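Comments concern the structure below.
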Amino acid sequence: MHRVAVLLLAPVVGFDAAIAPMLLGSAEDDAGERLYDVVTCGVTREPIASTHGFDIVAAAGPEALATADTVIVPGTRYAPARHDGVLDPDVADALATVRPGTRLVSICTGAFVLAAAGLLAGRTAATHWKFADDLRRLHPGVRVDEKVLFVDDGDVLTSAGLAAGIDLCLHIIRTDHGSGVANAVAKYCVVPPWREGGQAQFIDRQVPAPDDASTAATRHWALQHLDEELTVERLARHANMSARTFNRRFRDETGQAPGAWIRSRRVDRARELLESRDLPVDEVARLSGLGTGGNLRHQLRRGVGMSPSSYRKVYQGT
19 MHRVAVLLLA PVVGFDAAIA PMLLGSAEDD AGERLYDVVT CGVTREPIAS
69 THGFDIVAAA GPEALATADT VIVPGTRYAP ARHDGVLDPD VADALATVRP
119 GTRLVSICTG AFVLAAAGLL AGRTAATHWK FADDLRRLHP GVRVDEKVLF
169 VDDGDVLTSA GLAAGIDLCL HIIRTDHGSG VANAVAKYCV VPPWREGGQA
219 QFIDRQVPAP DDASTAATRH WALQHLDEEL TVERLARHAN MSARTFNRRF
269 RDETGQAPGA WIRSRRVDRA RELLESRDLP VDEVARLSGL GTGGNLRHQL
319 RRGVGMSPSS YRKVYQGT
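Read in order, the letters of the sequence shown correspond to residues 19 to 336 in the working numbering.
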């Protein structure tokens with residue numbers, strides 16, 4: 019079983035600390051067997067203070083890091099990393115026990131800890147938009163992207179603020195075990211299996227008043243009609259808006275243009291069909307709205323770097 023160690027550094031953001039144990043701990047195979055062994059750990063066995071009035075007793079000490087296949091650092095206000103860009107010796111020693119090749123993950127301001135350990139140098143990383151400039155200042159060698167919900171840089175993955183950790187954990191499950199498992203976890207946790215756009219849509223924006231028109235209903239409708247022609251004009255008519263207004267509100271709400279959003283959802287649909295059904299490639303392309311097998315191959319190679327047959331072999335074992 020894939021072992022996951024969640025390193026809690028005081029004062030830890032309690033919300034962040036619960037994300038990985040909840041989501042990864044809920045992932046199961048078809049037989050109902052858990053796919054991840056998730057354990058919380060600290061650099062000592064003492065209770066770990068959170069940022070919002072409660073302490074957490076971790077299940078293990080730093081020894082859990084040495085046997086983990088994935089190490090996750092949730093958001094924290096741990097002062098040495100957040101203010102000075104360094105680590106205390108006990109934290110540095112604990113992280114030094116992580117085996118080479120272990121997947122490293124941060125949620126929110128946990129990126130400051132990975133950066134202070136020298137693990138983000140020369141990489142692109144995400145963190146909470148509010149603290150992105152602090153991360154740039156402390157670690158000029160890190161390419162900080164505060165607009166995205168998460169960054170997958172292979173063996174190192176980083177998420178934006180707080181709830182973006184949910185998006186990242188679902189992405190990890192989807193990458194490891196396919197969309198079916200990730201969607202089941204999302205359904206159990208009552209969260210969407212993906213969120214459109216990026217963190218930029220949440221930066222310094224007012225929440226729309228209840229009577230403001232939204233594109234949400236049209237986006238939901240579009241997901242049921244991906245195999246049809248979905249022009250901006252048709253989407254705007256469904257939303258009872260002009261095309262210009264629809265375009266603007268769609269971008270405000272998702273951070274993407276309608277065409278890019280539709281294309282991404284069609285690729286997602288194609289991936290689900292390849293994972294769950296033995297359909298010809300041309301039929302997968304038709305049902306997902308990608309038109310032809312050639313276009314499906316192009317979009318899948320661009321998105322995940324695999325052909326449809328290779329993708330199906332990875333996730334179906336056939």
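The beta carbon of each residue, even a glycine, is placed where N, CA and C say it ideally should be. Nothing here was measured: the structure is a model prediction, and the numbers come from that model.
Checklist line | Residue interval of the alpha helix (DSSP H) (run including Thr145) | finding: From DSSP, Thr145 is part of no alpha helix (DSSP H); its letter is neither H nor E.
Note to self: Considering only the alpha carbon of each residue, which of Pro158, Arg255, Glu301, Arg155 lies closest to Thr236?
What the structure shows: Arg255
Check: With burial defined as no fewer than 16 other Cβ atoms inside 10 Å of the residue's Cβ, what is the status of His243: buried or exposed?
Finding: exposed
Margin query: Please return the same chain residues whose Cβ sits closer than 8 Å to the Cβ of Gln317, not counting the five positions on each side in sequence.
Written below: Closer than 8 Å at the Cβ level, and outside the excluded window around Gln317, lie Arg281, Arg284, Val285, Ala288, Leu308.
Checklist line | Sub-8 Å separation of Ser124 and Thr176 beta-carbons | finding: yes
Next item on the list: Tell me His20's beta-bridge partners as DSSP assigns them.
Entry: Tyr54
Check: Where Leu26 and Glu81 are concerned, what is the direct C-alpha to C-alpha distance, given to the nearest angstrom?
Finding: 13 Å
Next item on the list: Provide the residue(s) that pair with Asp87 in DSSP beta bridges, ordered along the chain.
Entry: Among the bridge pairs identified by DSSP, Asp87 is matched with none.
Margin query: Helix, strand or coil for Leu25? Go by DSSP, reduced to three states.
Written below: strand
Check: Which residues in the same chain as Leu132 place their Cβ atom closer than 8 Å to its Cβ, once the five residues preceding and following it in sequence are excluded?
Finding: Val91, Leu122, Ser124, Leu138, Ala143, Val174, Thr176
Note to self: Which residue marks the beginning of the beta strand (DSSP E) containing Leu122, and which one marks its end?
What the structure shows: Boundaries of the beta strand (DSSP E) harbouring Leu122: 121–124, taken from the DSSP string.
Note to self: I need the straight-line Cα distance from Asp163 to Gly321, nearest angstrom please.
What the structure shows: Cα-Cα distance, rounded: 19 Å.
Checklist line | Residues near Leu41 in its chain [Cβ-Cβ closer than 6 Å; skip 5 each side] | finding: Shown here for Leu41: same chain residues with a beta carbon closer than 6 Å to its own, the five before and five after excluded, namely Cys187, Val203 in chain order.
Check: If you drop the 5 nearest sequence neighbours on each side, which residues of the same chain put their C-beta closer than 6 Å to that of Asp106?
Finding: Pro98
Note to self: With H, G and I counted as helix, E and B as strand and the rest as coil, what does DSSP make of Ala67?
What the structure shows: strand
Check: Can you tell me where the beta strand (DSSP E) with Phe72 in it begins and where it stops?
Finding: Counting along the chain, Phe72 falls outside any beta strand (DSSP E), and DSSP gives it neither H nor E.
Next item on the list: Note down the Cα distance separating His146 from Glu246, rounded to an integer number of angstroms.
Entry: 37 Å
Margin query: Taking the straight line between their C-alpha atoms, what separation do you get for Arg319 and Ala28?
Written below: 42 Å
Margin query: Which of the three DSSP states is assigned to Asp222 in this structure?
Written below: Confidence is the limiting factor: at Asp222 the pLDDT is only 42, short of 50, which leaves the residue's position unreliable, though a coordinate-based value still follows. Coil, per DSSP.
Check: Taking buried to mean at least 16 other C-beta atoms within 10 Å of its own C-beta, is Tyr206 buried or exposed?
Finding: Exposed, because fewer than 16 other Cβ atoms sit within 10 Å of the Cβ of Tyr206.
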